[in-house]
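Quick note, the sequences are listed as chains A and B, same order.
Taking the working numbering, the leading residue of the first sequence gets 521, the next gets one more, and so forth.
Taking the working numbering, the leading residue of the second sequence gets 26, the next gets one more, and so forth.
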Amino acid sequence: MKNHYKIALVVLAIVVAVVATILFIQNNNIPVLDPKGIIGQKQRDLLFITTLLMLIVVVPAIAFTLIFAFLYRKGRPNATYRPEFYDSHLAEIVWWGVPSIIIIVLAVITYQSSYALDPYKPIESDKKPITIQVVALEWKWLFIYPEQSIATINFIQFPVDTPINFEITADAPMNSFWIPQLGGQIYAMQSMRTELHLMATEAGVYRGCSSNLSGEGFSGMVFQAKASSEQEFNQWVKEVKNSSKFLTLDEYNVLVTPSEYVPASFYKLEKQDLFNYILTK
Amino acid sequence: MFGRLTLEAFQHDWIEYAAGLSMVFGALATVILLTYFRLWKWLWKEWLTTVDHKKIGIMYIIVSFIMLFKGIFDAVMMRLQQVWSVGDSMGYITASHFQQVATAHGVTMIFFVGMGLMFGIINMILPLQIGARDVAFPALNSISFWLFTSGAMFILVSLIVGEFAGTGWTSYPPLSGLKYSPGVGVDYWLWTIQISGVGSLLSGINFFVTILKMRCPGMKLMRMPIFVWASFATMIMVMFAFPILTATLNMLTTDRLIDTKLFTTEAGGNPMMYINLIWAWGHPEVYILILPAFGIFSEVVAVFSEKRLFGYKTMVYAIFVITFLSFIVWLHHFFTMGSGASVNAFFGIMTMIIAVPTGVKVFNWLFTMFQGRVRLDTPMLWFLGFAIVFVLGGMTGVMMSIPAVDFQVHNTLFLVAHFHSVIIGGVVFGFFAGYSYWFPKFTGIMLNERIGKWAFGFWLSGFLLAFMPLYLLGFMGATRRLDHYEPQTGFFPLFAVAGVGAILICIGFGLQILQILVSIKENKKDLSGDPWNGRTLEWSTSSPPPHYNFAHIPEVHSIDPFWEMKKEPEMKKKPLHEIHMPSNTGVGVYLGALSFIFGFAMIWHMFWLAILSAIIMVGCLIARLYEKNTEYYISVEEIKRDA
């Protein structure tokens, strides 16, 4: 009787946990599960397919654990006890075989998706891509728009449905450049140039961050990524260009010194090859 | 004279003072108690200088439990900051302090809890399971333990003198380089791992030789208990992986000491090389922790199902497939470094292949239960908890092995939840299973089952509450080592739940301490030497075993030898012989202390002291070589008296 009590309690706890989780997911923004970018969507689908495939093995494993512990517990009347059953070729073939088949399927998926979702691979589109050069500093993000000749701190704007080519480096310890709602991340490393290609499919303001510890101000390396219509984007570029601040080498040398929780700011780019300068510094 | 050690090194904030002072008081109280009860001589002769593998094992476990306490405390501090430091509030500790706590937590848990419990249990059990009287190199074993302890001391001392690294437990350059971390923190990190790492390497060699050369007559390789097989594979990994760690740490040390620019971003240095090297050690390290735990579960499941382990041979093969694969998957720790699709795909596929032998092991355990007689004692409960948590952790692991998926969860709390699922669910639950299973063997008293089951309940529910929300937090974009976030992110409720989970884990750990005290007080003796109806040789001797383990070296004719022996009618007593045993030696204590002084001197740039302690260390070793009385004989009368 006491055991039934315990089991009921455990079942109740599980139900509460599941309901709470569902409610939480419905009422909150879960960027990775609710992506607004073409790469993020494919990555999310991949996540779901993998999970489903894995469940083929995971569900029986967990079920067997509970069922066997219950069915063959000592003292249960009429339970079969067969101590000599400790080897079975058939059983071994099943549990080497089934997981192997799943892994082969997953391996094919892995191989294909590694190429299809390679962060270095440009996104195909009719629209001309926008290049944004990203520099991780201590502890803020510097974004350079070489074509538009502007630069920003901790804020980017770009048009929807237009591929964005990120070129990434750092003038600081290693960081990782990540906008969860648009798609996967890539490291930002000093003297190295990495690439990331993303494309937003919906207008909105998305949170971006660094996911690799880079020192004291690391938690404050949050920026906003705003996907807007092309018109709005052009308008915004114009506004920034009219601003009075210039990003010169001197100004950059000020920026490079450590600072934390830096608000967004905007510059007209004066040193055009700033990114290459930082890269080869 | 004191290098860069100045009074400033002793200045901290109030939390560090509190931690440091409580530690100093703890140490003082121990010293006073030892003096009051006049136990120093006993401590020195019976414990500190011992070469008895069982006592060394117990000392490993004690140190690991102290470090586990510290590690859990660190974890609670982090969660507290994460529910406190939202929006306008910056929490109760600085970012730099938070990062030190995070780093110390990782280092403590991996090197001094995981490795400590692993070597502790291997020390206690392995020689008994192969029917040996000690390890191959008993004095070396003592040295290994003292190097391990000396390494652990650095983390504790850094609370009082100076600071610890705030660079994450893997300390990637350039952040850990001279330019961005000029202080002593990273040096503490380097020497704590370097010194304990050398100890681990020596242990690896020791047990590798022990398993190959010290098995009792009749114990062929394919008759060894799976725990011994798992330890054997582990030692192979230790011997291959730890030299990589030593070399990598040395290179970072020279970078920091004499500016060799190996891992800098200028002058031809390359931090990516460090990241490759640290994971070329780091990935096998994960399996070094988990394989012995697999071994423990293999023993526990068979005993508590009253059935031979299902698929013994496949279990052995699976262990070696895992061992081999563990060395060719390291790149999955940094798919995001931009290696290119083909490289990422290769390492991704290699990684997911590991799921096959691991899955096979899980099903073999489950089918050991099938048509067995399952006794739900504490060790078996830990196994059941493991089976559920570990399988989930394995599933999320395979998800992350796909590079394109990893890009979205790398370095997030999803990753943190994954490796805590496999490390707490696998390694920690495994060692707790082994601990509750073998405790009567080593102390001669039974653990209180009731408290043990409650402790398990708190650990399991605490684990689920503390880490399941982290999977979701990862999907929400919460990165690891985050000391502050904006309220709009919506992280707060999940961090709060995780905090509650951490508290439940604390209660579980507290109950385990209570369990030890209550069990000692109850003093329920295990007189049979075989309280669980065991199958392997350690149960054939008394609890606790005599220091020579076996009066007669056992002879083995099958797998599960003790199970077979119990079926046979009483055999004729063979005549006793003198037993040849190693004598105690202080060399381990001296080398441990000297290596601590050496490391401390290197951290603070007191080079004269470093050179001096290095010279004395070499002197100690030479003196040990000339020592004559390194072994002695136990007379037949004495053995008879014991029996």
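Yeah, the Cβ is synthetic: ideal placement off N, Cα and C, and Gly gets one too.
Residue from B/I303, B/V453 and B/T271 whose Cα sits closest to the Cα of B/F322: Scanning B/I303, B/V453 and B/T271 for the CA closest to the CA of B/F322 turns up B/V453.
Nearest to B/F265 (by Cα), restricted to the options B/N275, B/S110, B/L226 and B/I236: Per the Cα distances, B/L226.
Own chain residues within Cβ distance below 7 Å of B/M394, not counting five before or after: In its chain, beyond the 5 residues on either side, V326 and S330 have a beta carbon closer than 7 Å to the beta carbon of B/M394.
CB contact flag (A/S731, A/Q705, <7 Å): In contact: A/S731 and A/Q705 (Cβ atoms closer than 7 Å).
Rounded separation between A/N549 and A/F686 - CA only: The alpha-carbon atoms of A/N549 and A/F686 are separated by roughly 25 Å.
Chain-ordered neighbours of A/S634 on chain C, where CB pairs are closer than 7 Å: The structure shown contains no chain C; the protein chains it does contain are A and B.
B/L440 versus B/H357, B/P465 and B/V132, residue with shortest Cα-Cα distance: Cα-wise, what sits closest to B/L440 is B/H357.
Residues in the stretch 566-599 of chain A having any Cβ partner in chain B nearer than 7 Å: Taking 7 Å as the Cβ-Cβ cut-off against chain B, the residues of the stretch 566-599 of chain A that qualify are L566, L567, T570, T571, M574, V577, V578, A581, I582, F584, T585, F588, A589, Y592, R593 and K594.
For B/E656, the first and last residue of its enclosing beta strand (DSSP E): Per DSSP, B/E656 belongs to the beta strand (DSSP E) from E656 to I659.
Nonlocal neighbours in the same chain, by C-beta distance under 7 Å from A/M521, ignoring five residues either side: Its pLDDT being 49, under 50, A/M521 is placed unreliably in this model, and the coordinates cannot settle the point.
Continuous alpha helix (DSSP H) stretch holding B/A100: start and end: B/A100 -> alpha helix (DSSP H) spans H78 to W109.
Rounded C-alpha distance that separates A/F738 from A/D691: Each residue's Cα considered, the two are about 14 Å apart.
Whether B/M92 touches B/V126 by CB criterion (7 Å): No, these two residues do not count as a Cβ contact at 7 Å.
Proximity of B/A480 and B/Q537 at Cβ, strictly below 7 Å: Cβ distance < 7 Å, so B/A480 and B/Q537 count as in contact.
Continuous alpha helix (DSSP H) assignments of at least 4 residues falling wholly in the stretch 445-486 of chain B: The stretch 445-486 of chain B contains these whole alpha helix (DSSP H) runs: 454-468.
Chain-order list of residues whose beta-carbon lies under 6 Å from that of A/P649 (same chain, five-residue window excluded): The residues are P683 and N685.
Neighbour-count burial assignment, B/E563, 16 or more Cβ in a 10 Å radius: Buried, since its Cβ has 16 or more Cβ neighbours within 10 Å.
As assigned by DSSP and simplified to three states, the class of A/M521: No answer about A/M521 holds up, because its pLDDT of 49 lies below 50 and its placement is not dependable.
Spatially closest choice to B/H122 from B/G336, B/M134, B/V132 and B/G210, by CA coordinates: Nearest option by C-alpha distance: B/G210.
Chain A contact for B/Y205 (CB, 7 Å cutoff): Chain A, which has a Cβ nearer than 7 Å to the Cβ of B/Y205, makes this yes.
Chain B contact for A/P631 (CB, 7 Å cutoff): Note that residue 631 of chain A is Tyr in the sequence shown here, rather than Pro. Taking Cβ atoms only, chain B reaches closer than 7 Å to A/Y631, which makes this a yes.
Proximal residues, the stretch 538-559 of chain A versus chain B, C-beta separation under 8 Å: Those would be T541, F544, I545, N548, N549, I550, P551, V552 and L553, in chain order.
Chain B contact residues for A/I676, given Cβ-Cβ distances below 7 Å: For A/I676, no chain B residue has a C-beta closer than 7 Å to its own C-beta; the minimum C-beta separation is roughly 16 Å.
Any chain B beta carbon closer than 7 Å to A/W659: No, no contact with chain B.
Residues near A/E780 by beta carbon distance below 6 Å, same chain, minus five either side: So the qualifying residues of the chain are W659, G737 and G740.
Rounded distance between the beta-carbons of B/F360 and B/S221, thought under 8 Å: The beta-carbon distance between B/S221 and B/F360, rounded to whole angstroms, is 29 Å. This is too long to meet the 8 Å contact definition.
B/P600 versus B/N574: straight-line alpha-carbon distance, rounded: Going from the Cα of B/P600 to the Cα of B/N574 covers about 17 Å.
Distance, B/E580 Cα to B/V522 Cα: Rounded to the nearest angstrom, the two C-alpha atoms are 54 Å apart.
Where the alpha helix (DSSP H) through A/E750 begins and ends: Per DSSP, the unbroken alpha helix (DSSP H) holding A/E750 starts and ends at E750 to N762.
B/P309 and B/S351 closer than 7 Å at C-beta: Pairing B/P309 with B/S351 gives a Cβ-Cβ distance under 7 Å.
Contained alpha helix (DSSP H) runs [length at least 4] in the stretch 139-171 of chain B, N- to C-terminal order: If we require 4 residues or more, the alpha helix (DSSP H) runs fully inside the stretch 139-171 of chain B come out as 140-154.
Simplified DSSP state of B/R281, which is helix, strand or coil: Helix, per DSSP.
Span separating the alpha-carbon of A/Q677 from that of B/M377: Taking the straight line joining both Cα atoms gives about 38 Å.
Chain A contact residues for B/N436, given Cβ-Cβ distances below 7 Å: What B/N436 touches in chain A: S696, S731 and N732.
Residues near B/F499 by beta carbon distance below 6 Å, same chain, minus five either side: A small fix is needed here, since residue 499 of chain B is Gly in this sequence, not Phe. Residues of the same chain with a CB within less than 6 Å of the CB of B/G499, apart from the 5 flanking positions on each side, are V434, T437, L438 and F439 in chain order.
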